[in-house]
Amino acid sequence: MSGSLVDDESRSVHPKADPMTKTAPQPPRRARRIDPNNFHLGEVLRANTAGGVLMLIATLIALVWAFLGKHGYEAFVEYPIGPYTVAEWASDGLLTVFFFISGLELKREFTEGSLRRPADAMVPITAAACGMAGPALVFIVINVLGGGTLHGWAVPVATDIAFALAVLAVAGRHLPPSLRAFMLTLAIADDLGGIIVIAIVFSTDLSFAWLGGALACMLLWWILQRRRVDNGWIYLPIFLVCWFCMLHSGVHATIAGVGLGLLTRNTPEALNEPLDRWQHVLDPWSAGLVVPIFALTNAGVHVDGQLFAALWTNPVPLGIIAGLVLGKFIGILTGSWLTVHLSRARLGDGLTWGDMIAAAELGGVGLTVSLLIAHLSFLNNPEVYDEAKAGVLAGSTISAILAVLLLQWRTAVHKRWRREKARAGRALR
């Protein structure tokens, strides 16, 4: 997951300007075409592929930097700014904005989107759950048999939907639209699962006083939302205080962003809701700044012969690679198959099991949340942390390459079917 996950095509309501308000809500995100004669950077950053492309560029820069100058890269990420290093500010500070947007997107889906009626999204929701269990089981089996550690079992469970959707937008443009809808819903459920894992597994040395302060901020946020106080500047100090309290509570600071996002008002069919306005403003910052900085400060690893050999011999990186490439694939495909065959749920319009094979492999692209969980899992073991980061990058790259090949195969199949259908139609005339 990164940047923005929800496409406006999945929204059930498109807000219109309210003549009684001074500021009309922005048109739905990504529903608008980018006019090259009226170029605006914010619109580019809201595009489907922007977040994934920028994250990929930042990851490549980090890898090249770490390879050419390991000590220089380490000096950069460990450079102190106040009480924290650059890397810590990126992971515990900036990434809270990304998780706030994730909370807003989850709230939208719960109120008017694919999760409003879970029965309608049973296939992708079950696929997401099995797609998290599969990689975890693969990692555990490999590390138990190989004498490794179980601390990193959660690293391969997440799908980076921004990167995955960028791959789908490039390699699967001619596939049924329902495939994209499936991936979006799967990503929303996957995000929720990843947030729960971070909140439960990586909460240590809880301070109930600080946690109480964070919860008090959330309560105040909710009250102001209920009273329809819409001045965004009032919420900024509440956001910062909530983040600060959560940071010192023992719960990962990014959970503050998720919680406040979920408590933000979004009434279906209402006009000029804060969720729409805030997400429209923050999306470009998340895709263009927050996620690339996080990738730059967390993806850098000095790949030498020893580390490359460790990828295929040490159980931790091998478990991560196998979890992303095989565990995700098996989990998503198995969850989808069981749901269709054991319930009344069906695949989306125009989808076949061949398309689901491509989607299942695409789910193995995990970067942002996987890197964050690797950081939390091996914070006190730099050597294993480097191996885990390399495992995430290698597994995601392999999954992306396989997904591109499978998507191209499915594109060729669908094009052939459309040609045959067109010929049959002409023959009938």
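The sequence shown begins at 578 in the working numbering and counts up one residue at a time. Cβ coordinates follow ideal geometry from the N, Cα and C atoms, glycine included. It should be emphasised that the depicted structure is a prediction, and the values quoted were computed from it without experimental measurement.
Just tell me which of Val774, Val880, Ile978, Gly629 has its CA closest to the CA of Val641.
Position 64 of the sequence shown, counting from 1, holds the residue named residue 641. The shortest Cα separation from Val641 among Val774, Val880, Ile978, Gly629 belongs to Val880.
Give me the Cα-Cα distance between Thr662 and Leu839, rounded to the nearest whole angstrom.
Here the question's residue 662 lines up with position 85 in the sequence shown. Here the question's residue 839 lines up with position 262 in the sequence shown. One C-alpha to the other measures close to 29 angstroms.
I'd like to confirm the pairing. Which residues does DSSP put opposite Tyr661 in its beta bridges?
The residue you call residue 661 lines up with position 84 of the sequence shown. Ile658.
For Met632, which option in Ala710, Val715, Ala739, Ile717 has the closest C-alpha, if you only look at C-alpha atoms?
As a working note, residue 632 is residue 55 in the sequence shown. For the residues Ala710, Val715, Ala739, Ile717, the minimum Cα distance to Met632 belongs to Ala739.
Do the region 696-707 and the region 723-732 touch if we need at least three Cβ pairs shorter than 8 angstroms?
Flag = no, the region 696-707 and the region 723-732 do not touch.
Distance, Cα to Cα, Leu837 vs Val946?
By 1-based counting over the sequence shown, the position of residue 837 is 260. By 1-based counting over the sequence shown, the position of residue 946 is 369. For Leu837 and Val946, the distance between alpha carbons rounds to 19 angstroms.
Are Gly680 and Gly900 closer than 8 angstroms when you measure CB to CB?
Translated into positions along the sequence shown, residue 680 becomes position 103. Translated into positions along the sequence shown, residue 900 becomes position 323. It is not a contact, given that the beta carbons lie outside the stated cut-off.
Since I believe Gly896 is in contact with Ala735 (beta carbons under 8 angstroms), could you give me their beta-carbon distance rounded to a whole number of angstroms?
Numbered from 1 along the sequence shown, position 158 holds the residue referred to as residue 735. Numbered from 1 along the sequence shown, position 319 holds the residue referred to as residue 896. Contact flag wrong, Cβ pair sits at about 15 angstroms.
Let me know if Val721 comes out buried or exposed under the rule of 16 or more other beta-carbons within 10 Å of its beta-carbon.
Translated into the one-based positions of the sequence shown, residue 721 becomes position 144. Val721 comes out exposed.
With the cut-off set at 8 angstroms, would you say Gly925 and Pro660 are in Cβ contact?
Against the sequence shown, residue 925 aligns to sequence position 348. Against the sequence shown, residue 660 aligns to sequence position 83. Result no, Cβ atoms of Gly925 and Pro660 do not sit closer than 8 angstroms.
Measure the C-alpha to C-alpha separation of Ser714 and Trp820 and round it to an integer number of angstroms.
The count along the sequence shown starts at 1 and reaches residue 714 at position 137. The count along the sequence shown starts at 1 and reaches residue 820 at position 243. One detail in the question is off: residue 714 reads as Leu in this sequence, not Ser. Roughly 33 angstroms between the two C-alpha positions.
Expressed to the nearest angstrom, what Euclidean distance is found between the alpha-carbon atoms of Asp737 and Ala1004?
Residue numbering aside, residue 737 sits at position 160 when the sequence shown is read from its first letter. Residue numbering aside, residue 1004 sits at position 427 when the sequence shown is read from its first letter. The alpha-carbon atoms of Asp737 and Ala1004 are separated by roughly 45 angstroms.
Can you name, in chain order, every residue of its own chain whose Cβ lies under 7 angstroms from the Cβ of Phe687, other than the five neighbours on each side?
Locating residue 687 in the sequence shown gives position 110, where the first residue counts as 1. Excluding sequence neighbours, Phe687 sits near Arg693.
In three-state DSSP terms, what is Met942?
Numbered from 1 along the sequence shown, position 365 holds the residue referred to as residue 942. For the record, residue 942 in the displayed sequence is Val; it is not Met. DSSP places Val942 in coil when its eight states are reduced to three.
Could you check if Gln883 is buried or exposed, using at least 16 other CB atoms within 10 Å of its CB as the buried criterion?
Here residue 883 refers to the residue found at position 306 of the sequence shown. With fewer than 16 other Cβ atoms within 10 Å, it is exposed.
Which residue marks the beginning of the alpha helix (DSSP H) containing Gly771, and which one marks its end?
By 1-based counting over the sequence shown, the position of residue 771 is 194. Run containing Gly771: 754-778, per the alpha helix (DSSP H) assignment.
Is Gly972 near Ile907, with beta carbons less than 8 angstroms apart?
As a working note, residue 972 is residue 395 in the sequence shown. As a working note, residue 907 is residue 330 in the sequence shown. It is not a contact, given that the beta carbons lie outside the stated cut-off.
Let me confirm a value: Val969 is counted as buried when at least 16 other C-beta atoms fall within 10 Å, else exposed. Which label applies?
Sequence index remark: in the sequence shown, residue 969 carries index 392 (1-based). The residue is buried, with at least 16 neighbouring Cβ atoms inside 10 Å.
So does the region 739-749 actually touch the region 760-768, counting three or more Cβ pairs closer than 8 angstroms?
A contact exists between the region 739-749 and the region 760-768.
So for Trp994, helix, strand or coil by DSSP?
By one-based count along the sequence shown, residue 994 stands at place 417. Trp994 falls in the helix class under three-state DSSP.
CB-CB under 6 angstroms to Val654, same chain, minus the five flanking residues each way: which ones, in chain order?
Numbered from 1 along the sequence shown, position 77 holds the residue referred to as residue 654. The residues are Val663, Ala664, Thr874.
Could you check how far apart the C-beta atoms of Gly749 and Thr988 are, in whole angstroms? I think they sit under 8 angstroms.
The residue you call residue 749 lines up with position 172 of the sequence shown. The residue you call residue 988 lines up with position 411 of the sequence shown. With a Cβ gap of about 6 angstroms, Gly749 and Thr988 count as contacting.
Going by beta-carbon coordinates alone, are Val556 and Ser863 separated by less than 8 angstroms?
In the structure as shown, the chain starts at 578 and stops at 1006, and residue 556 therefore has no counterpart that could be examined.
Look at the Cβ atom of Val828, then the Cβ atom of Leu671, and state whether they are nearer than 8 angstroms.
In the sequence shown, the residue the question calls residue 828 occupies position 251. In the sequence shown, the residue the question calls residue 671 occupies position 94. Result no, Cβ atoms of Val828 and Leu671 do not sit closer than 8 angstroms.
Taking the C-alpha atoms as reference points, what is the distance between Ser755 and Pro657?
Looking up residue 755 in the sequence shown gives position 178. Looking up residue 657 in the sequence shown gives position 80. Whole-angstrom Cα-Cα distance: 47 angstroms.
Could you name the residues of the same chain whose beta carbon sits closer than 6 angstroms to that of Val902, not counting the 5 residues immediately before and after it, in chain order?
Mapped onto the sequence shown, residue 902 falls at position 325. Only Gly941, Gly972, Ile975, Ser976 meet the Cβ criterion.
Helix, strand or coil, according to DSSP, for Arg923 in the structure here?
Residue numbering aside, residue 923 sits at position 346 when the sequence shown is read from its first letter. Three-state DSSP puts Arg923 in coil, outside helix and strand.
With distances taken Cα to Cα, identify the nearest neighbour of Arg923 among Phe885, Lys647, Pro712, Asp697.
If you number the sequence shown from 1, residue 923 lands on position 346. Checked all of Phe885, Lys647, Pro712, Asp697; the closest Cα to Arg923 is Asp697.
For Lys992 and Gly708, what's the separation of their Cα atoms in angstroms?
If you number the sequence shown from 1, residue 992 lands on position 415. If you number the sequence shown from 1, residue 708 lands on position 131. Distance between the alpha carbons of Lys992 and Gly708 is about 29 angstroms.
Using only the alpha-carbon positions, how far apart do Phe644 and Ala627 sit?
The residue given as residue 644 occupies position 67 in the sequence shown. The residue given as residue 627 occupies position 50 in the sequence shown. Using only the alpha carbons, I get a separation of about 26 angstroms.
Which residues in the same chain have their Cβ closer than 8 angstroms to the Cβ of Ser920, if we skip the five residues on either side of it in sequence?
Taking the sequence shown and counting its residues from 1, the one referred to as residue 920 is at position 343. Excluding sequence neighbours, Ser920 sits near Met699.
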